[in-house]
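Residue numbers (the working numbering): 1129 to 1736. Glycine included, every Cβ here is placed at the ideal spot set by N, Cα and C. Read through the structure below, which is laid out as structure tokens, and then see the notes.
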Amino acid sequence: MTSSGVGVIKKRTKYSKNGCQECKRMKVKCDEMKPICTRCSKTSKQCLYIPSNPKKSAANSKERTPMENLPVDPAIPDSVSSKSSYNSSPLSLDSFNKLQNNFTKYDFIEMINEDITSKFDKAIDSSLKNIRFDENNSSSNLINQLDENILNNLEVLDGENSSSQDFVTTDTIYQIPLNLFNPLQDLQHKFYLEVFYKEFSQVILPMEPKPNLNPIRDILLQHCFRKNYLFYAILATGARFSFNKRLLEDDQKNYSIFMKKTLQMLDDLVYVKDFIPSDESSKAEMTKTVENLLLTILILTSDNASSMKQSWRGHLKGAKDLLHKIFILKRFNHNSKILIFCKLWFTSFEVLACLTAPRGGTISSELERKHLIFDGSNMDELKVLQNLKLITREGFNLVLGYHDSILSPVVGLIDIMKLSNESSDIQDIEHITNTTLHLISEFKTNQHLSMLNHIPPSAISTYRNSSTGDVRTISWYDICHESHVDASLITIIIRLFSAPKTNHIIQGLVKKILSRLQVLGGDYQCLHTGDDGLLTHDNRKLFNLMLLQWPLLVAGLNSTDPQDKVDVENLFRLLQELGSGSSIFVLDKIKRCWNNEMNHNEVDIVTY
């Protein structure tokens, strides 16, 4: 009842006619994630999609590749809390409903989840020009809500200090404290920003240079005050991450709303598409726009890759096309620290895609590989990334999870695997053999880190075995770097020398990868507790496991020992709990391999 005594009629929740059978049975809205929706993955239910219009589905079957419905292992623990940590109030849908009425021709949520660049011309429809978003919570108004005292006392991450009036325009990058957003009036925005700040930022940069310093998070949060679409993209990641944990329909609804609002970037994309600078001034001005576009596209790539969506590829290709205009066509300031960071961020996705996705990465030419992949050889770029605290002075790359000394061999491994798949020419075979031997030498030379005195406390964890009292201290730098070397060597021996997985060298490397993570088993307890109030215990360092998904995939696919298989499964369960949406598909792929099952319709998921 309201205060006036009038009863409030609660509108019945809509659920999608295209949703899975389980969500229809429960009469709840399905997020239609395929092959497994989020609700079914969290509740360990079998997720089945049955076309509501069989004739239409059959007509489209030639255009779309069917995907199998993967069974969900009932062993997945249900740790979902249905309680919200804030007083949820319905978001005003006036502007959203008006927006939907204008979107009669295209499904823009689907569009933005596909290849952005291929939709440029199609997207600029006359209906777009009539769209007006509610500007009460625009980024320009948000900056006015912030506490000026906090703004004036921000710690500098990179650059020279400036006044609060320059916060939105300065090239200086600041460390952003969570209390900066305390004055925001919209409680839902504050909540989703907090989810992004505390949790999703740990997914995009698991390994921090020091406690509570996350340069990628701070770059995104500072730039979100410059463009609405980046602000809404950040809110969308928070809403999606929250939904995966709580399964509240408010989160799902808000995610859709925020994603719709990121469509404002289409206007900027159109300008950038055909932009040719007339002078240095116009080039500098448009570079600022490109920075915000790339940050938005890459965070959407990260959101898609870390969920159970396959649309990460379209975003990654959109980022690649922008980087092509920057670093090859030179239409924008390629010395921009933000664009150099975006190049590194793109590299992290592209390398993982080449190593783990069924369709590989997005780069198709040697020219693009040379200019769009960060390889550590450009000293100016290296200095920028070191100043941003993303690469240590000793060369450890916090974004990639290994020392820069093996980045070139990893890229070389990708190139040689591609060549071996495409060519049977005798000269190519000789080149492949010589290159492979050289790669093995490089990996062996750089197998161990020699920076023991330069590893920060944020990369050290200490565990005690509750049964034996044994205390072990581990360095995440060493674990991540050496595991990538071992995974690379396994890949070379299996893929290029056609050795069986039972080979004793391969099994030795598999056990080395898994033995480094024994402390994450049930008998060990972490001795540290968090001191920043973000995540209790020392669980924040567990996010470092996100950087080990490719080595764990390689170890899993080649495991033959029953205990090794148990360890692999437990580690991927832990990754799922941490927020890796791809882990459920990766584990299914590994189990199919163990059972000698072929999967001809493998899901296009990057191990992220």
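Taking the C-alpha atoms as reference points, what is the distance between residue i and residue j?
i: Val1527; j: Ile1560; result: 29 Å
i: Ile1620; j: Thr1564; result: 7 Å
i: Asp1407; j: Pro1584; result: 45 Å
i: Cys1148; j: Met1436; result: 15 Å
i: Tyr1530; j: Met1154; result: 45 Å
i: Glu1705; j: Ser1434; result: 12 Å
i: Gln1174; j: Met1161; result: 13 Å
i: Ser1291; j: Glu1570; result: 48 Å
i: Val1479; j: Val1539; result: 7 Å
i: Leu1624; j: Ile1544; result: 9 Å
i: Asp1553; j: Arg1459; result: 39 Å
i: Ala1447; j: Asp1689; result: 41 Å
i: Val1296; j: Gly1597; result: 52 Å
i: Arg1140; j: Asp1294; result: Below a pLDDT of 50, predicted positions are generally treated as unreliable, and Arg1140, at 44, falls in that range; the measurement from the model is reported next regardless. Spanning the two alpha carbons is a distance of roughly 48 Å.
i: Thr1475; j: Pro1537; result: 14 Å
i: Leu1510; j: Leu1483; result: 24 Å
i: Ser1710; j: Asp1314; result: 32 Å
Find out if the Cβ-Cβ distance for the pair residue i, residue j is shorter than 7 Å.
i: Ala1481; j: Val1156; result: no
i: Leu1422; j: Leu1450; result: yes
i: Pro1679; j: His1582; result: no
i: Trp1473; j: Leu1547; result: no
i: Leu1535; j: Gly1488; result: no
i: Gly1707; j: Val1696; result: no
i: Ile1634; j: Ile1618; result: yes
i: Val1714; j: Leu1675; result: no
i: Asp1275; j: Pro1305; result: no
i: Ala1361; j: Leu1428; result: yes
i: Ser1687; j: Val1647; result: no
i: Asp1379; j: Phe1386; result: no
Does the Cβ of residue i have 16 or more other Cβ atoms within 10 Å, making it buried, or fewer, making it exposed?
i: Asn1723; result: exposed
i: Ser1594; result: exposed
i: Asn1146; result: exposed
i: Val1694; result: exposed
i: Cys1412; result: In the sequence under discussion, the amino acid at residue 1412 is Ala, which differs from the Cys named in the question. Exposed: under 16 other Cβ atoms inside 10 Å.
i: Thr1390; result: buried
i: Arg1600; result: exposed
i: His1566; result: exposed
i: Asp1498; result: First, the residue type needs correcting, since residue 1498 is Lys and not Asp in the sequence shown. Exposed: under 16 other Cβ atoms inside 10 Å.
i: Val1512; result: buried
i: Ile1557; result: exposed
i: Leu1285; result: buried
i: Val1731; result: buried
i: Gly1649; result: exposed
i: Gly1636; result: exposed
i: Ser1643; result: exposed
i: Pro1628; result: exposed
i: His1317; result: buried
What is the DSSP secondary structure of residue i, counted as helix, strand or coil?
i: His1443; result: helix
i: Ile1817; result: Because the chain is modelled from 1129 through 1736, residue 1817 falls outside the range shown and cannot be assessed.
i: His1452; result: helix
i: Val1296; result: coil
i: Phe1371; result: helix
i: Phe1524; result: strand
i: Thr1630; result: coil
i: Leu1270; result: helix
i: Tyr1320; result: helix
i: Asp1286; result: strand
i: Ile1588; result: strand
i: Cys1721; result: helix
i: Lys1250; result: Residue confidence is low: Lys1250 scores 40 on pLDDT, short of 50, so the model does not pin down where it sits. Its coordinate-derived value is still stated next. The answer is helix: DSSP assigns Lys1250 an H, G or I state.
i: Ser1643; result: helix
i: Ser1464; result: coil
i: Arg1600; result: strand
i: Leu1423; result: helix
i: Ile1733; result: coil
i: His1351; result: helix
i: Leu1637; result: helix
i: Leu1333; result: coil
i: Lys1338; result: strand
i: Ile1344; result: helix
i: Asn1593; result: strand
i: His1531; result: strand
i: Tyr1302; result: strand
i: Ala1364; result: helix
i: Phe1713; result: helix
The segment 1315-1329 / the segment 1339-1356 touching (three or more Cβ pairs under 8 Å): yes
How do the segment 1356-1365 and the segment 1386-1406 stand: do at least 3 beta-carbon pairs fall below 8 Å, yes or no? yes
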